[in-house]
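For the sequence shown, position 151 matches number 157 in the numbering used here, and the numbering has no gaps at all.
Heads up: the structure comes next, in structure tokens.
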Amino acid sequence: MQSTVDYVRKSLELHLFFARIMKEHSFFLQLGFTPRDKQFTQKANSLRIAFDNFLREVIYLSNGIVRGDVLQSGEIVTEYTLEAEKASAFYTGVNIPTDITVAEQSLVRGDLIRATSSQEQEVYALNERGIQLGNSLIKFKNTILNNVLSCKMFTVNYPLLIEHILREAKLYVRMIQSLQNREVVALETEALEQEAFWNRIMAEHSKFIRGLLDPTEEELFNVANNFGNTFDELTEKSLQALDNTISFTQVTNESLKETIKIRDFKAQGTQGLLDCKIKSIIIPLLGDHVLREANHFLRLLNTYKTTRTSRY
Numbered sequence: 007m008q009s010t011v012d013y014v015r016k017s018l019e020l021h022l023f024f025a026r027i028m029k030e031h032s033f034f035l036q037l038g039f040t041p042r043d044k045q046f047t048q049k050a051n052s053l054r055i056a057f058d059n060f061l062r063e064v065i066y067l068s069n070g071i072v073r074g075d076v077l078q079s080g081e082i083v084t085e086y087t088l089e090a091e092k093a094s095a096f097y098t099g100v101n102i103p104t105d106i107t108v109a110e111q112s113l114v115r116g117d118l119i120r121a122t123s124s125q126e127q128e129v130y131a132l133n134e135r136g137i138q139l140g141n142s143l144i145k146f147k148n149t150i151l152n153n154v155l156s157c158k159m160f161t162v163n164y165p166l167l168i169e170h171i172l173r174e175a176k177l178y179v180r181m182i183q184s185l186q187n188r189e190v191v192a193l194e195t196e197a198l199e200q201e202a203f204w205n206r207i208m209a210e211h212s213k214f215i216r217g218l219l220d221p222t223e224e225e226l227f228n229v230a231n232n233f234g235n236t237f238d239e240l241t242e243k244s245l246q247a248l249d250n251t252i253s254f255t256q257v258t259n260e261s262l263k264e265t266i267k268i269r270d271f272k273a274q275g276t277q278g279l280l281d282c283k284i285k286s287i288i289i290p291l292l293g294d295h296v297l298r299e300a301n302h303f304l305r306l307l308n309t310y311k312t313t314r315t316s317r318y
């Protein structure tokens, strides 16, 4: 059974990453609807605001508790997040509360040794709210995807993007539920499943970038296309490692090497969007969003590699 300290810390670290991801999913959906579907725009906006408020509470509870490697990983905020939010608010007229980002930038690390019963209760209640909010967003995304696939709705978001963010929301809720049940998952099983999941996500990010670039951005198009092919192969290798047909260590090392490369590509791309040097239909916050997900995957890969090395 998971210790109370691990339960509190892992819950807060999970929310710091995923609650921001979920609020931005709501924002991206909000931007994609036509005037006919204004009720969907309003629903996406209300979900975004709900995640804003949820994340504020997470930040309040996290100060002095979360680990330094998580705070420094670039998965919670990056050097571009604040400017990307300001630029995206300017372009869209949507009120993006940048005070949340400023508060996250000010979070202090902590080495939690003992968790109080009050902290445990607060985090338990927070997790229950996270599950409820996550399920509401999952239901909303399912409705949109079904409408789009049955030609009942048009949105500027690719059907694959809607499916992509739906998968991420389902992973988030599953991970909260696992924490609520105090489950202890075998490291190797968790690592392989996460690697298969995030390699697929990196592949799809590459394809979204490829499809949102202006047709004249041929060099960037080709780079994104190559990353898509590379991470498709890594996804397949991750699944083979789950079946014990190829080496787990080999897949982790390859994933780590390629994720560093795509992280750097995304960072350069986000800077290029903010500097107005890339022609595209990519909102700047999407650039920062996919960069944070690459940073998250990198931290996981480094954790799995270090833990495995220390065991042998």
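Built from N, CA and C at the ideal position, the CB exists for glycine as well.
As the structure is a prediction and not an experimental result, all values here were calculated from the model.
task: Give me whichever residues DSSP pairs with residue 219 in a beta bridge.
output: For the purposes of this step, residue 219 is identified with residue 213 of the sequence shown, where counting begins at 1. Answer by DSSP bridge pairing, in chain order: 286.
Cβ separation of residue 194 and residue 254, assumed to be a contact under 8 Å, to the nearest whole Å: Translated into the one-based positions of the sequence shown, residue 194 becomes position 188. Translated into the one-based positions of the sequence shown, residue 254 becomes position 248. Right, their Cβ atoms sit about 7 Å apart.
message: Our contact map puts residue 252 next to residue 300 with C-beta atoms below 8 Å; I'd like the distance itself, whole angstroms only.
response: What you label residue 252 is simply residue 246 of the sequence shown in a count that begins at 1. What you label residue 300 is simply residue 294 of the sequence shown in a count that begins at 1. With a Cβ gap of about 23 Å, residue 252 and residue 300 do not count as contacting.
query: Is the beta carbon of residue 238 less than 7 Å from the beta carbon of residue 209?
result: Looking up residue 238 in the sequence shown gives position 232. Looking up residue 209 in the sequence shown gives position 203. Their beta carbons are under 7 Å apart, which means residue 238 touches residue 209 by this criterion.
field: residue 303 (DSSP reduced to helix, strand or coil)
entry: What you label residue 303 is simply residue 297 of the sequence shown in a count that begins at 1. Looking at residue 303 - three-state DSSP - the assignment turns out to be helix.
Cβ shell of residue 76 (< 6 Å), same chain only, five flanking positions each side left out: Within the sequence shown, the letter at position 70 stands for residue 76. Excluding positions up to five away in sequence, the list reads 19.
- prompt: Does the beta-carbon of residue 58 have 16 or more other beta-carbons within 10 angstroms, so that it is buried, or is it exposed?
  reply: Within the sequence shown, residue 58 is the residue found at index 52, counting from 1. It is buried - the Cβ of residue 58 has at least 16 other Cβ atoms within 10 Å.
query: How do the stretch 133-145 and the stretch 164-176 stand: do at least 3 beta-carbon pairs fall below 8 Å, yes or no?
result: yes
message: Which residue wins for smallest C-alpha separation from residue 298, given the options 151, 271, 150 and 102?
response: As a first step, residue 298 must be located in the sequence shown, where it is residue number 292. Nearest C-alpha to residue 298: 271.
Residues bridged to residue 39 (per DSSP): Your numbering for residue 39 matches position 33 in the sequence shown. DSSP output for residue 39 lists 161 as bridge partner(s).
- request: May I have the straight-line CA-CA distance separating residue 52 from residue 45, to the nearest angstrom?
  value: Here residue 52 is taken as the residue at index 46 of the sequence shown, counted from 1. Here residue 45 is taken as the residue at index 39 of the sequence shown, counted from 1. Each residue's Cα considered, the two are about 10 Å apart.
task: Note down the Cα distance separating residue 318 from residue 263, rounded to an integer number of angstroms.
output: Against the sequence shown, residue 318 aligns to sequence position 312. Against the sequence shown, residue 263 aligns to sequence position 257. Model confidence at residue 318 stands at a pLDDT of 47, short of 50, so the residue's coordinates are unreliable; what they give is reported in the following sentence. For residue 318 and residue 263, the distance between alpha carbons rounds to 22 Å.
query: Do you know offhand how far residue 66's Cα is from residue 212's?
result: Position 60 of the sequence shown, counted from the first residue, corresponds to residue 66. Position 206 of the sequence shown, counted from the first residue, corresponds to residue 212. Using only the alpha carbons, I get a separation of about 34 Å.
- prompt: Expressed to the nearest angstrom, what Euclidean distance is found between the alpha-carbon atoms of residue 206 and residue 186?
  reply: Walking along the sequence shown from the start, residue 206 turns up at place 200. Walking along the sequence shown from the start, residue 186 turns up at place 180. In a straight line, the C-alpha of residue 206 is about 27 Å away from that of residue 186.
message: One question on the structure: do residue 151 and residue 168 come within less than 7 Å of each other, judged by their Cβ atoms?
response: For this step, residue 151 is matched to residue 145 along the sequence shown. For this step, residue 168 is matched to residue 162 along the sequence shown. Yes, these two residues count as a Cβ contact at 7 Å.
- request: Please report the residue range of the alpha helix (DSSP H) in which residue 231 lies.
  value: As a position in the sequence shown, residue 231 is number 225, starting the count at 1. Where residue 231 is concerned, the enclosing alpha helix (DSSP H) stretches over 224-248.
query: Rounded to the nearest angstrom, how far is the Cβ of residue 71 from that of residue 14, given a contact under 8 Å?
result: The sequence position of residue 71 within the sequence shown is 65, counting from 1. The sequence position of residue 14 within the sequence shown is 8, counting from 1. About 7 Å; that satisfies the 8 Å criterion.
task: Could you tell me whether the Cβ atoms of residue 91 and residue 102 are closer together than 7 Å?
output: Translated into positions along the sequence shown, residue 91 becomes position 85. Translated into positions along the sequence shown, residue 102 becomes position 96. Going by C-beta atoms, residue 91 is nearer than 7 Å to residue 102.
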